[in-house]
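Asks: Please find one structure pasted underneath; my questions will follow.
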Amino acid sequence: MSVRRLAPDHVQPASFAFTAANENWADQQIAKYPEGRQASAVIPLLWKAQEQHHGWLPRAAIEAVAKKLGMAPMRVLEVATFYTMFNLQPVGEHFVQLCGTTPCALRGAEALKKVCEEVIGPQSTVTADGKLSWLEVECLGACCNAPMAQINFDYYEDLTPENFRKLLGDLREGRPVKPGPQVDRSCSEPLGGGETLKDAALYDGSMIGAGDWQARITTQREEAAIKIASEKAAAEAKAKAEAEAAAAASKAGPTDVKTTPAPEAAAPGRPKPSAPKQPANAAQDTPSATGKAIKDTPAKAPARKRAAKPKSEE
Ligand code: FES
């Protein structure tokens, strides 16, 4: 990452003003925001100022944008120095932003840097003819076609020292160049061509509406409909059987109460006596364990009464 400082004074212009067309464009951008929020247009205006001033932002342009938006110049300077899309140093007619992040570095970006140094010179300097300048930047999001560089608004990918050197030469001489991959592949498909959807029949328009694929689709739809219907019927039968069982159980309920001795009732919140397993702390849930008074049960009551009887009555 380069140091984000304004260009030295000797290259700074004395003043900056938007052209009439750009002034009109700037007013339209500002009008997009509510009253009092004009500062929201700072990035578009800085971008337009950079575009007007040969690809870089001088101090005068930053101050002009601040004045137009009613902002403190320092606030606009903060934005301009934060975003690397704003160039604070003069750039060449073809500004090369060479990616030096890991995927590109692993694929040969170091060799491309050497090409830049040989063909253009040190970073952030413009060639004597004003045609080229370069800067190492962070990942530009085209890692699958690494190594790559952005030159003005276009990406150039799958670079090698040879094709990169030729590319720079073509740009300098004004010869036509091809953005995108510089090898024989389209976009980011695999090297050597695509590996999927290669059946030519897929691209044969005459196949539309013909062939047995229609029959296959129809069969699949019919099978799916049959499956859904059978699952629905099974679910309905199961629900009906459960309802009948519940109704039978509710009818038989009172008879069972009369004829069958009631099992030992479990107190609410306590496990049933017949439960095979009890929680580890089940013993703590008994009245004695919890410190509650033990009420007489029918079995224990006579014994206590006997114990309390006066001797004279015996
Ligand atoms: S690392 Fe170079 S484009 Fe992502």
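So the number in the numbering used here is just where the residue sits in the sequence shown, counting from 1, plus 1151. Every residue, glycine too, gets a C-beta built ideally from N, C-alpha and C. Here the structure is a predicted model, which is why all the values come from computation and not from measurement.
How many Å lie between residue 1263 and residue 1357 at the Cα?
Replies: Using only the alpha carbons, I get a separation of about 48 Å.
Asks: State the DSSP-derived secondary structure class of residue 1307, mapped to helix, strand or coil.
Replies: Reduced to three states, the DSSP call for residue 1307 is strand.
Asks: May I have a chain-ordered list of the alpha helix (DSSP H) segments no shorter than 4 residues that lie completely inside the region 1185–1246?
Replies: Taking only runs of at least 4 residues, the alpha helix (DSSP H) segments lying wholly in the region 1185–1246 are 1193–1203, 1210–1220 and 1224–1233.
Asks: Going by DSSP, what residues sit across from residue 1284 in a beta bridge?
Replies: Bridge partners of residue 1284: 1246.
Asks: Contact check, residue 1306 vs residue 1293 under 8 Å by CB: the rounded distance?
Replies: Sure, about 6 Å apart at Cβ, within 8 Å.
Asks: Cβ of residue 1293 within 8 Å of any heavy atom in the ligand FES?
Replies: Flag set: Cβ of residue 1293 near the ligand FES.
Asks: Quick check: is any heavy atom of the ligand FES less than 8 Å from the C-beta of residue 1330?
Replies: No, Cβ of residue 1330 sits at least 8 Å from all heavy atoms of the ligand FES.
Asks: Could you check which residue in 1384, 1175 and 1279 has the C-alpha nearest to that of residue 1241?
Replies: Answer by Cα proximity: 1279.
Asks: Which same chain residues, not among the five before or five after residue 1201, have their C-beta less than 8 Å away from its C-beta?
Replies: The answer, listed in chain order, is 1207, 1208, 1212, 1237 and 1238.
Asks: Below 6 Å CB to CB, which residues in the same chain sit around residue 1540 once its five sequence neighbours on both sides are set aside?
Replies: Lying outside 1152 to 1465, the shown extent of the chain, residue 1540 is not represented and no answer is given.
Asks: Where do the ends of the alpha helix (DSSP H) carrying residue 1179 lie?
Replies: First-last of the alpha helix (DSSP H) with residue 1179: 1171–1181.
Asks: Compare the C-alpha of residue 1243 against each of 1173, 1223, 1274 and 1260 and name the closest.
Replies: Closest option to residue 1243, Cα to Cα, is 1274.
Asks: Determine the contact status of residue 1332 and residue 1339, defining contact as a CB-CB distance below 9 Å.
Replies: Against a cut-off of 9 Å, the Cβ pair of residue 1339 and residue 1332 comes out as a contact.
Asks: Of all the options 1177, 1255 and 1204, which has the alpha carbon lying nearest to the alpha carbon of residue 1191?
Replies: Nearest C-alpha to residue 1191: 1177.
Asks: Measuring alpha carbon to alpha carbon, tell me which residue in 1336, 1160, 1284 and 1197 is nearest residue 1247.
Replies: Closest option to residue 1247, Cα to Cα, is 1284.
Asks: Whether or not the region 1222–1232 and the region 1192–1199 are in contact is what I'm after, with contact meaning three or more pairs of Cβ atoms, one per stretch, closer than 8 Å; do they touch?
Replies: Contact holds: three or more Cβ-Cβ distances are below 8 Å.
Asks: Helix, strand or coil: how does DSSP classify residue 1327 here?
Replies: DSSP places residue 1327 in coil when its eight states are reduced to three.
Asks: Please report the distance separating the alpha-carbon of residue 1311 from that of residue 1281.
Replies: Between residue 1311 and residue 1281, the C-alpha separation is close to 24 Å.
Asks: Considering just the uninterrupted stretch of the alpha helix (DSSP H) at residue 1256, what are its terminal residues?
Replies: Start and end: 1253–1257.
Asks: Heavy atom of the ligand FES less than 8 Å from the Cβ of residue 1327, yes or no?
Replies: Not under cutoff, so the answer is no.
Asks: According to DSSP, simplified to helix, strand and coil, what is residue 1301?
Replies: Residue state, collapsed to three classes: strand.
Asks: If you count every other CB in all the chains shown that lies within 10 Å of the CB of residue 1231, and 16 or more means buried, which is it?
Replies: By the neighbour-count rule (16 or more Cβ atoms within 10 Å), residue 1231 is buried.
Asks: Can the beta-carbon of residue 1210 be found closer than 9 Å to that of residue 1157?
Replies: Yes; because the gap between Cβ atoms is below 9 Å, this pair is in contact.
Asks: DSSP three-state call for residue 1419: helix, strand or coil?
Replies: Its pLDDT being 49, under 50, residue 1419 is placed unreliably in this model, and the coordinates cannot settle the point.
Asks: When you measure from the CB of residue 1299 to every non-hydrogen atom of the ligand GTP, does any distance come out below 8 Å?
Replies: Absence of the ligand GTP is noted for the structure shown, with the ligand FES being the only ligands found.
Asks: Would you say residue 1336 and residue 1355 are within 9 Å of each other, going by their C-beta atoms?
Replies: Cβ distance not < 9 Å, so residue 1336 and residue 1355 don't count as in contact.
Asks: CB-CB under 6 Å to residue 1251, same chain, minus the five flanking residues each way: which ones, in chain order?
Replies: The residues are 1260 and 1287.
Asks: Between the beta-carbon of residue 1315 and the beta-carbon of residue 1277, is there less than 9 Å?
Replies: No, Cβ-Cβ distance for residue 1315 and residue 1277 is not below 9 Å.
Asks: Between the C-alpha atoms of residue 1219 and residue 1180, what's the straight-line distance to the nearest angstrom?
Replies: Cα to Cα, the separation comes out at about 12 Å.
Asks: Residues in its own chain within less than 8 Å of residue 1419 by CB, not counting five upstream and five downstream?
Replies: Note on residue 1419: pLDDT 49, under 50, position unreliable in the model; the coordinate value appears next. Excluding sequence neighbours, residue 1419 sits near nothing in its chain.
Asks: Run the proximity test for residue 1255: is its beta-carbon closer than 8 Å to any non-hydrogen atom belonging to the ligand FES?
Replies: True, at least one ligand heavy atom lies under 8 Å from that Cβ.
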